[in-house]
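Under this note's numbering, think of the first position of the sequence shown as 155, with each following residue one higher.
Ideal Cβ placement from N, Cα and C applies to all residues, glycine included.
For reference, the structure is listed below as structure tokens.
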Amino acid sequence: MTEQEKMKKGYLWGDDEENMALQAHTKGLVNQFNNLPPEDMEGRAALLTDIFGYVGENVWIVPPLTAAVGKYVSIGEGTYANMNLTLIDDWKITIGKHVLIGPNVTFSTTGHPIHPKRRADGMYSFPITVKDNVWIGANVIILPGVTIGENSVIGAGSVVTKDIPDNVVAFGSPCKVYREINERDEEYYFKDRRFDQQPD
Numbered sequence: 155m156t157e158q159e160k161m162k163k164g165y166l167w168g169d170d171e172e173n174m175a176l177q178a179h180t181k182g183l184v185n186q187f188n189n190l191p192p193e194d195m196e197g198r199a200a201l202l203t204d205i206f207g208y209v210g211e212n213v214w215i216v217p218p219l220t221a222a223v224g225k226y227v228s229i230g231e232g233t234y235a236n237m238n239l240t241l242i243d244d245w246k247i248t249i250g251k252h253v254l255i256g257p258n259v260t261f262s263t264t265g266h267p268i269h270p271k272r273r274a275d276g277m278y279s280f281p282i283t284v285k286d287n288v289w290i291g292a293n294v295i296i297l298p299g300v301t302i303g304e305n306s307v308i309g310a311g312s313v314v315t316k317d318i319p320d321n322v323v324a325f326g327s328p329c330k331v332y333r334e335i336n337e338r339d340e341e342y343y344f345k346d347r348r349f350d351q352q353p354d
């Protein structure tokens with residue numbers, strides 16, 4: 155069994171020539187993406203389809219971007235990611251449609267054994283899934299094997315270690331559900347600011 159096959163089955167794995175070649179190719183494309191002139195929006199959009207396995211329509215990622223393998227990442231239409239998106243994408247990252255990702259967000263599919271004597275045994279990778287219409291705040295870290303449910307909001311600075319259900323506001327380190335999204339959220343966009351409130 156190759157190291158990539160071990161990784162895909164959830165076993166401990168190590169870097170091999172196949173993985174290093176994948177990363178070298180992707181890092182070259184990401185370097186091109188990050189160094190395009192700001193006005194070259196078409197060039198940036200075209201490179202995203204080369205970097206990632208699937209990219210829907212109207213996906214926008216603000217550079218700089220960091221990615222490892224690229225081809226295991228799927229991004230749904232209308233998704234927006236702010237600057238400094240970091241993808242430790244040794245295995246699958248699936249991002250749904252119309253997802254908002256704040257600055258300095260990290261998705262990490264890969265981790266290492268806890269015990270120091272066992273860390274040299276390899277690393278493990280498990281998929282991350284973010285469903286449609288999720289909003290991920292700034293400086294969030296999403297760890298291996300996590301699924302974030304549809305429509306949910308992850309507050310800034312959270313470390314997401316476990317699955318988050320649909321339609322909730324969650325935050326903290328570790329990230330925990332605070333409340334469900336409710337009718338009041340349809341009336342107020344920030345604290346006491348109503349959607350129908352007119353400027354003075």
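How would you write the range of the alpha helix (DSSP H) that residue i sits in, first residue to last?
i, result
"A178", "E171 to N189"
"E341", "R338 to E341"
"K330", "Where K330 is concerned, there is no enclosing alpha helix (DSSP H), although the beta strand (DSSP E) it sits in stretches over K330 to E334."
"T161", "One detail in the question is off: residue 161 reads as Met in this sequence, not Thr. It spans E157 to K162 - the alpha helix (DSSP H) in which M161 sits, taken as one unbroken run."
Between which residues of its own chain and residue i is the CB-CB distance below 7 angstroms, once the five residues before and five after are set aside?
i, result
"W214", "Y234"
"D244", "M161, A222, V223, T263, T264 and S279"
"G164", "Y278 and F280"
Between the beta-carbon of residue i and the beta-carbon of residue j, is there less than 8 angstroms?
i, j, result
"V253", "V300", "no"
"P281", "T248", "yes"
"G309", "F325", "yes"
"T156", "D170", "yes"
"P218", "N238", "yes"
"V323", "R338", "no"
What would DSSP say about residue i, mapped onto helix, strand or coil?
i, result
"L297", "coil"
"A310", "coil"
"A235", "strand"
"M277", "strand"
"F344", "strand"
"L166", "coil"
"V213", "coil"
"T315", "coil"
Which residue comes first and which comes last in the beta strand (DSSP E) that contains residue i?
i, result
"L202", "Per DSSP, L202 belongs to no beta strand (DSSP E); it is in the alpha helix (DSSP H), M195 to I205."
"A324", "V322 to F325"
"T220", "L219 to A221"
"I247", "I247 to I249"
"F268", "Inspection of the sequence shows that residue 268 is occupied by Ile rather than by Phe. That residue, I268, is in no beta strand (DSSP E); it is neither H nor E in DSSP."
"V227", "V227 to I229"
"V284", "I282 to V284"
"F261", "T260 to S262"
With a threshold of 7 angstroms, establish whether the CB of residue i neighbours any heavy atom of the ligand GDP.
i, result
"L254", "The ligand GDP is absent from the structure shown, which contains no ligands of any kind."
Leaving aside the five residues before and after residue i along the sequence, list all residues of the same chain whose C-beta is less than 8 angstroms from its C-beta, in chain order.
i, result
"R348", "E341 and Y342"
"D286", "G230, G250, K251, H252, V253, E304 and N305"
"A292", "N236, G256, P257, N258, V259, A310 and G311"
"L183", "L201, D204, I205 and G224"
"N188", "P217, P218 and L219"
"N321", "G303, E304, N305, S306, E334 and I335"
"Q177", "A222 and V223"
Taking 8 angstroms as the CB-CB limit, is residue i close to chain D?
i, result
"F261", "Judged by its chain identifiers, the structure shown contains no chain D, having just a single protein chain."
Once the 5 residues before and after residue i are set aside, which same chain residues still bring their CB inside 6 angstroms of it?
i, result
"T240", "T220 and T260"
"I295", "T260 and V313"
"L190", "G197 and R198"
"R273", "H266 and P267"
"V209", "L202, T203 and I229"
"Q158", "E172"
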